[in-house]
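Chemist:
In the working numbering, the protein residues as written are -5 to 363.
Printed below as a string of C-alpha cells:
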C-alpha cells in the first residue's frame, strides 16, 4: 500500500492579512485568489485606511436592551454618547479600545429621545418622554439640573452659543405644540427665556448658524422659522408631504437637512437671499422611513465641509448622498433593525449609526468618493 502524500498547504483565498502598525497610513492587503499553479497566481489589492479606527467597521454593543434613539460624537470626536428607549445613556471611546466607560441609567423615567453635548462645558443635555430636560456633569456622572420643560413628550433639542455673550442656549421641541429656549450651563434658570407656540406637535428643532433663528419641524409638514429677537415667525419652509423627522444645519450654515415620514429628504437653502423661491436645494430619495413613524435623524459630514449627508432607513441601511449632485454614494448595511440615527465625526471620514437593534456601528468612509 502506497504512502499517503503530504497534505497540500492551506488555502489563503479570501483571507484578510493585517499589517503591523507603523507611522505610515495603515493598509490592509486582501488576497483575492491564490494557488500553487502559476496560472492561478494570487492577486493582492492594497486598501488605504482613512481613519484612526482599529478596523474599517467597529461594532459598539452590549450596553442597551432597547432601540437607540440618538447617538452623537462630542465636539472633539474622541467620545460618543447614545440614548435609548431603555431610559439610559451610554458613553463610549471613539478610538481603540472603544470602551463603554459610562452608563447613566437613573436620570429619566421614560425613553430618552435625544441628546446633545455642550459646546463649552463637560455637560450632556438629554430630553425624554417624561417631559424632562436633564443636565449631566460628565466628569462625575451626576445630574446637575433637572427641568420639567414641557407638558408633553420632548422629541428633540439643539444648542448654540448666543452671540458674543458666551451663554449657551438650548431649544427643546415637544408634542405639547411648543418650542422653549433655556439657558445652558450649570447656573442657568429653571424658567424658559422664550416660548414659541406652534399649535401642533413639534418634532424637530435646529438653531441657525448665528443663533438668531430657530428652525422647527412640525406635524403640519412645514418647517417654521422663528426670529429669537422678535419672538415671532419670519417665514416657513415648505416642500414636505409628511412630517419632518429631524433637522440638521450644514457646517457653513447655508443649508438645512430634513428627512420626513414620506421617505423624501429635502435640503433647504436657508441663506438670507436664496436664488430659489421655494428654497428647495435638493430632494433626495433612498432612505425609506417605513411604517413605524420613527423620528429618523440625519447628519452632515464635517471633515469635508458638508459635501455629504446621511439618513438611516427602515431597510436597515444608511444612505449617504453627495450634496452637489444628489447622487447616492453609499448604502451601508450592518444593522438588524431600522437605522434611527446618524452622525459624522468632526475631523475624520467616520460615520456613526444607531439602530433599533440596540447597537451602534462606526464606519470608515473613503474621503475621495
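Built from N, CA and C at the ideal position, the CB exists for glycine as well.
To which residues does DSSP link residue 104 through a beta bridge?
Modeler: Beta-bridge pairing links residue 104 to no other residue.
Chemist: Kindly identify the DSSP beta-bridge partner or partners of residue 89.
Modeler: Residue 89 is not bridged to any residue.
Chemist: Would a C-beta distance cut-off of 9 Å place residue 105 and residue 137 closer than the cut-off?
Modeler: Not a contact, by the Cβ cut-off of 9 Å.
Chemist: Identify the continuous beta strand (DSSP E) that holds residue 155 and give its terminal residues.
Modeler: 148 to 156 is the span of the beta strand (DSSP E), which, as asked, contains residue 155.
Chemist: Below 9 Å between beta carbons: does that hold for residue 199 and residue 165?
Modeler: Going by C-beta atoms, residue 199 is nearer than 9 Å to residue 165.
Chemist: Looking only at C-alpha atoms, which of 214, 94 and 359 sits nearest to residue 342?
Modeler: Of the listed residues, the one whose Cα sits closest to residue 342 is 359.
Chemist: Within 10 angstroms of the Cβ of residue 279, are there 16 or more other Cβ atoms? Answer buried if so, exposed if not.
Modeler: By the 10 Å Cβ count, residue 279 comes out exposed.
Chemist: Tell whether a beta-carbon distance below 9 Å holds between residue 323 and residue 305.
Modeler: No, Cβ-Cβ distance for residue 323 and residue 305 is not below 9 Å.
Chemist: If we count the other Cβ atoms within 10 Å of its Cβ and call it buried at 16 or more, is residue 112 buried or exposed?
Modeler: The residue is buried, with at least 16 neighbouring Cβ atoms inside 10 Å.
Chemist: Can we say the segment 310 to 322 touches the segment 55 to 67, given the rule of at least three CB pairs closer than 8 Å?
Modeler: No: fewer than three Cβ pairs fall under 8 Å.
Chemist: Count the other C-beta atoms from every protein chain shown that fall within 10 angstroms of the C-beta of residue 224, then say buried if there are 16 or more, exposed otherwise.
Modeler: Classification for residue 224: exposed.
Chemist: Can you have a look at residue 37 and say buried or exposed, based on whether 16 or more other CB atoms are within 10 angstroms of its CB?
Modeler: In this predicted model, residue 37 has a pLDDT of only 47, less than 50, meaning its place in the structure is not dependable; the value taken from the coordinates is given anyway. Label assigned to residue 37: exposed.
Chemist: Could you tell me whether the Cβ atoms of residue 151 and residue 110 are closer together than 9 Å?
Modeler: In contact: residue 151 and residue 110 (Cβ atoms closer than 9 Å).
Chemist: With a cut-off of 8 Å, do at least 3 Cβ pairs link the segment 72 to 87 to the segment 40 to 51?
Modeler: Verdict: no, contact absent.
Chemist: Do you know offhand how far residue 155's Cα is from residue 206's?
Modeler: Roughly 10 Å separates the two Cα atoms.
Chemist: So is residue 42 buried or exposed if we call it buried at 16+ other beta carbons inside 10 Å?
Modeler: So residue 42 ends up on the exposed side.
Chemist: Counting along the chain, where does the beta strand (DSSP E) carrying residue 177 start and finish?
Modeler: Segment 172 to 177, the beta strand (DSSP E) holding residue 177.
Chemist: From what residue to what residue does the beta strand (DSSP E) around residue 354 run?
Modeler: Counting along the chain, the beta strand (DSSP E) containing residue 354 begins and ends at 354 to 358.
Chemist: Only counting the same chain, and skipping five residues up and downstream in sequence, which positions put a Cβ closer than 6 Å to that of residue 103?
Modeler: 124, listed in sequence order.
Chemist: Across which residues does DSSP place residue 207 in a beta bridge pair?
Modeler: Note: residue 207 sits in a beta bridge opposite 221.
Chemist: Spatial neighbours of residue 195 within its chain, please: C-beta separation below 8 Å, excluding the five flanking residues on both sides.
Modeler: If we look at residue 195 and ignore the five residues flanking it on each side, its Cβ neighbours are 146, 149, 168, 169, 170, 171, 212 and 213.
Chemist: Can you give the Cα-Cα distance for residue 364 and residue 216, rounded to whole angstroms?
Modeler: Summary: the structure shown does not reach residue 364, with the chain confined to residues -5 through 363, and so no result is reported for it.
Chemist: Could you round the C-beta distance between residue 338 and residue 268 to whole angstroms and report it? I think they count as a contact, below 8 Å.
Modeler: Actually they do not touch by this definition, with Cβ atoms about 25 Å apart.
Chemist: Thinking just about the alpha-carbon of each residue, which of 344, 361, 348 and 353 is nearest to the one in residue 47?
Modeler: Of the candidates 344, 361, 348 and 353, the one whose C-alpha sits nearest the C-alpha of residue 47 is 344.
Chemist: Mapping the DSSP letters down to three states, classify residue 311 as helix, strand or coil.
Modeler: Residue 311 falls in the coil class under three-state DSSP.
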